[in-house]
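> Before I ask anything, let me first share the structure, which is written out below as structure tokens.
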Amino acid sequence: MSYNADKKGYYGEFGGAFIPEMLYPNTEELRQNYLRIMDEPSFKKEFDQLLKDYVGRPTPLYFAERLSKKYNTKIYLKREDLCHTGAHKVNNTIGQILMAKKLGKHRIIAETGAGQHGVATATVCALMGIECVVYMGEIDIARQAPNVARMKMLGAEVRPALSGSKTLKDATNEAIRDWINNPVDTHYIIGSVVGPHPYPDMVARFQSVISEEIKWQLREKEGVENPDYVVACVGGGSNAAGAYYHYLDVPEVKIIAVEAAGKGVHSGESAATSALGQMGIIHGSKTLLMQTQDGQITEPYSISAGLDYPGVGPMHAHLFTSGRAEFISITDDEAMNAGLMLTKLEGIIPAIESSHAFAILDHKKFEPNDLIVINLSGRGDKDLDTYIDYFNL
Numbered sequence: 002m003s004y005n006a007d008k009k010g011y012y013g014e015f016g017g018a019f020i021p022e023m024l025y026p027n028t029e030e031l032r033q034n035y036l037r038i039m040d041e042p043s044f045k046k047e048f049d050q051l052l053k054d055y056v057g058r059p060t061p062l063y064f065a066e067r068l069s070k071k072y073n074t075k076i077y078l079k080r081e082d083l084c085h086t087g088a089h090k091v092n093n094t095i096g097q098i099l100m101a102k103k104l105g106k107h108r109i110i111a112e113t114g115a116g117q118h119g120v121a122t123a124t125v126c127a128l129m130g131i132e133c134v135v136y137m138g139e140i141d142i143a144r145q146a147p148n149v150a151r152m153k154m155l156g157a158e159v160r161p162a163l164s165g166s167k168t169l170k171d172a173t174n175e176a177i178r179d180w181i182n183n184p185v186d187t188h189y190i191i192g193s194v195v196g197p198h199p200y201p202d203m204v205a206r207f208q209s210v211i212s213e214e215i216k217w218q219l220r221e222k223e224g225v226e227n228p229d230y231v232v233a234c235v236g237g238g239s240n241a242a243g244a245y246y247h248y249l250d251v252p253e254v255k256i257i258a259v260e261a262a263g264k265g266v267h268s269g270e271s272a273a274t275s276a277l278g279q280m281g282i283i284h285g286s287k288t289l290l291m292q293t294q295d296g297q298i299t300e301p302y303s304i305s306a307g308l309d310y311p312g313v314g315p316m317h318a319h320l321f322t323s324g325r326a327e328f329i330s331i332t333d334d335e336a337m338n339a340g341l342m343l344t345k346l347e348g349i350i351p352a353i354e355s356s357h358a359f360a361i362l363d364h365k366k367f368e369p370n371d372l373i374v375i376n377l378s379g380r381g382d383k384d385l386d387t388y389i390d391y392f393n394l
């Protein structure tokens, strides 16, 4: 069994393109061209050059000595928080802006929850001199004010989504509406491994630089390419897809996906899609999503603005149902305390999304010789207000 997308964009029974007729030309143009463009030597050269000189790759693989000592195992951190803009998101936006240019597009739209993808999109649009509109839920705009300011400084127009829960799901709905109305000149940069085919596969490929680096970095440090465990937080799941990518079909590498349980998996305020989700269609893709018995999407909740998505990317839905990955749900309280612990032990303030991944160290027993790589997907600057309020700092 392969855990990558097939030619039709399916991961097992998940994926595909379930879209209105009016979106077909947009996604079809991309589907027919994305692999060819990504294979062009000139594209690869420019992509790799920008990742190196602009994003600051490769990001370090850091042995967390004090954290390892505390849990009596070997823990490495993949430092995606050191990427330009503060998170892994920019790996994908660099790739997609180059793709958009190749396709002759001169207007970019995006959606964002935590604002990291919005900042990364606004950044590459500023870099390339391309018009940028970012849709963001009104609630997320309020709780991620520094990132909203960054987007505006970078020249992007931030449009609030005022419907529904006024968070990521609704921002995505608005972006899709815009794309339907502007099919010819506009490229939609989706920020995660969600949406209609070819997005989940394309975004995973752009993010796969993460696991590509982990392999040679581990070989350098430990003499092996494969860790025992790769751990990442999952909302839509792009940082996780990138960290898992080169290990998907390597069964001896165990995969752990960490979701947001919010105030508790069954509290009614959660975003633990694997525990609560059923098969359904959201934003053009068949996947697992949280829904009522009559198929209405239920509102997700997490203290982390980047994990409160009601579904999960089709790759992750397949990893869950096939048993390839172990899914663990972490509450707000567990995540916040894990974030503070990492800060005090290693001098690294993580994004609250990433803090969820560190919280599993209190849930799961690892052996002293286990090699664990945790993807530190983003830095905590954007979440300082949340940390301040939570811990009364």
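Taking the numbering used here, I'd label the letters of the sequence shown as residues 2 to 394.
Just so you know, even glycine gets a beta-carbon here, dropped at the ideal spot from N, CA and C.
By a C-beta neighbour count over all protein chains shown, 10 Å radius and 16 as the cutoff for buried, is Pro26 buried or exposed?
One-based indexing of the sequence shown puts residue 26 at position 25. Only exposed fits Pro26, as fewer than 16 other CB atoms lie within 10 angstroms of its CB.
> Curious, which full-length beta strand (DSSP E) runs of at least 3 residues does the region 52-80 contain?
62-64, 75-80
> Does DSSP classify Cys126 as helix, strand or coil?
Translated into positions along the sequence shown, residue 126 becomes position 125. Helix.
> Could you tell me if the beta carbon of His284 falls within a distance shorter than 7 angstroms of some heavy atom in the ligand GTP?
You won't find the ligand GTP in this model; it holds no ligand whatsoever.
> Please give the ranges of any alpha helix (DSSP H) in the region 106-178, keeping only runs that are unbroken, at least 4 residues long and fully inside the region.
117-129, 139-144, 146-154
> Starting from Asn376, follow the beta strand (DSSP E) in both directions and report where the run begins and ends.
Taking the first residue of the sequence shown as 1, we reach residue 376 at position 375. For Asn376, the enclosing beta strand (DSSP E) begins and ends at 372-377.
> Could you check whether Thr86 and Thr113 sit closer than 8 angstroms to each other, using their CB atoms as the reference points?
Taking the sequence shown and counting its residues from 1, one reaches residue 113 at position 112. Taking the sequence shown and counting its residues from 1, one reaches residue 86 at position 85. Cβ distance not < 8 angstroms, so Thr113 and Thr86 don't count as in contact.
> Which residue marks the beginning of the alpha helix (DSSP H) containing Glu300, and which one marks its end?
Indexing the sequence shown from 1 puts residue 300 at position 299. Per DSSP, Glu300 belongs to no alpha helix (DSSP H) and is neither H nor E.
> Within its chain, find whatever has a CB closer than 6 angstroms to the CB of Ile375; leave out the 5 residues flanking it on each side and keep chain order.
One-based indexing of the sequence shown puts residue 375 at position 374. Excluding positions up to five away in sequence, the list reads Leu78, Val232, Ala358.
> Considering only the beta carbon of each residue, do Thr288 and Pro311 sit closer than 8 angstroms?
Here residue 288 corresponds to residue number 287 of the sequence shown, with the count starting at 1. Here residue 311 corresponds to residue number 310 of the sequence shown, with the count starting at 1. For Thr288 and Pro311, no; Cβs fall outside 8 angstroms.
> Restricting to Cα atoms, I'd like to know which of Ser303, Ile257, Met154, Ile283 is closest to His364.
On the sequence shown, residue 364 is found 363 positions in, with the first residue counted as 1. Among Ser303, Ile257, Met154, Ile283, the Cα nearest to that of His364 belongs to Ile257.
> Where does Gly165 land, buried or exposed, given buried means 16+ other C-beta within 10 angstroms?
As a position in the sequence shown, residue 165 is number 164, starting the count at 1. By the 10 Å Cβ count, Gly165 comes out exposed.
> Is Leu169 closer than 8 angstroms to Asp141 when the C-beta atoms are compared?
The sequence position of residue 141 within the sequence shown is 140, counting from 1. The sequence position of residue 169 within the sequence shown is 168, counting from 1. Closer than 8 angstroms, so yes.
> Would you kindly check if the distance between the Cβ of Glu214 and the Cβ of Thr60 is under 8 angstroms?
On the sequence shown, residue 60 is found 59 positions in, with the first residue counted as 1. On the sequence shown, residue 214 is found 213 positions in, with the first residue counted as 1. Yes.
> List the residues that DSSP assigns as beta-bridge partners of His284.
Counting from one through the sequence shown, the residue named residue 284 turns up at place 283. Its beta-bridge partners do not exist; DSSP assigns none.
> Is Ala273 closer than 8 angstroms to Ala242 when the C-beta atoms are compared?
For the purposes of this step, residue 242 is taken as the residue at position 241 of the sequence shown. For the purposes of this step, residue 273 is taken as the residue at position 272 of the sequence shown. Going by C-beta atoms, Ala242 is not nearer than 8 angstroms to Ala273.
> Check whether the region 290-299 touches the region 260-278, counting contact only when three or more Cβ pairs, one atom from each stretch, lie closer than 8 angstroms.
yes
> Give the single residue among Ala339, Gly381, Phe44 whose Cα lies nearest to the Cα of Leu68.
Along the sequence shown, one-based indexing puts residue 68 at 67. The residue with the shortest Cα to Cα distance from Leu68 is Ala339.
> Would you say Ile109 and Cys133 are within 8 angstroms of each other, going by their C-beta atoms?
Position 108 of the sequence shown holds residue 109. Position 132 of the sequence shown holds residue 133. Contact flag set, yes.
> With H, G and I counted as helix, E and B as strand and the rest as coil, what does DSSP make of Pro351?
Here residue 351 is taken as the residue at index 350 of the sequence shown, counted from 1. DSSP places Pro351 in strand when its eight states are reduced to three.
> On a CA-only basis, which of Pro351, Met337, Lys366, Gly324 is nearest Ser3? Give me that one, please.
Taking the first residue of the sequence shown as 1, we reach residue 3 at position 2. Of the listed residues, the one whose Cα sits closest to Ser3 is Gly324.
> Using only the alpha-carbon positions, how far apart do Ala1 and Gly57 sit?
The question about residue 1 has no answer here: the residues shown for the chain are numbered 2 through 394.
> Please classify Lys383 as buried or exposed, where buried requires at least 16 neighbouring CB atoms within 10 angstroms.
As a position in the sequence shown, residue 383 is number 382, starting the count at 1. With 16 or more other CB atoms across the displayed protein chains lying within 10 angstroms of its CB, Lys383 is buried.
> Which same chain residues, not among the five before or five after Ala176, have their C-beta less than 7 angstroms away from its C-beta?
By 1-based counting over the sequence shown, the position of residue 176 is 175. Cβ within range, chain order: Ile110, Ala111, Glu112, Tyr136, Tyr189.
> Tell me where the beta strand (DSSP E) around Thr274 begins and ends.
To locate residue 274, count along the sequence shown from 1; it is residue 273. First-last for Thr274: 274-277, but that is the alpha helix (DSSP H), not the beta strand (DSSP E).
> Who are Arg462's beta bridge partners in DSSP?
This structure gives no information on residue 462, because the portion of the chain shown stretches from 2 to 394.
> Determine the burial state of Lys90: buried for a count of at least 16 other Cβ atoms within 10 Å of its Cβ, exposed for fewer.
For the purposes of this step, residue 90 is taken as the residue at position 89 of the sequence shown. Buried is the call here.
> Count the other CB atoms within 10 Å of the CB of Ser185; is the residue buried (16 or more) or exposed (fewer)?
Your numbering for residue 185 matches position 184 in the sequence shown. Note that residue 185 corresponds to Val in the displayed sequence, not to Ser. Classified as exposed, Val185 has fewer than 16 neighbouring CB atoms from the shown chains inside 10 Å of its CB.
> Kindly indicate which residue of Asn148, Lys53, Lys70, Ile76 has the alpha-carbon position closest to the one of Phe64.
Locating residue 64 in the sequence shown gives position 63, where the first residue counts as 1. The candidate whose alpha carbon is nearest that of Phe64 is Ile76.
> Could you please give the first and the last residue of the uninterrupted beta strand (DSSP E) stretch that includes His188?
Numbered from 1 along the sequence shown, position 187 holds the residue referred to as residue 188. First-last of the beta strand (DSSP E) with His188: 187-190.
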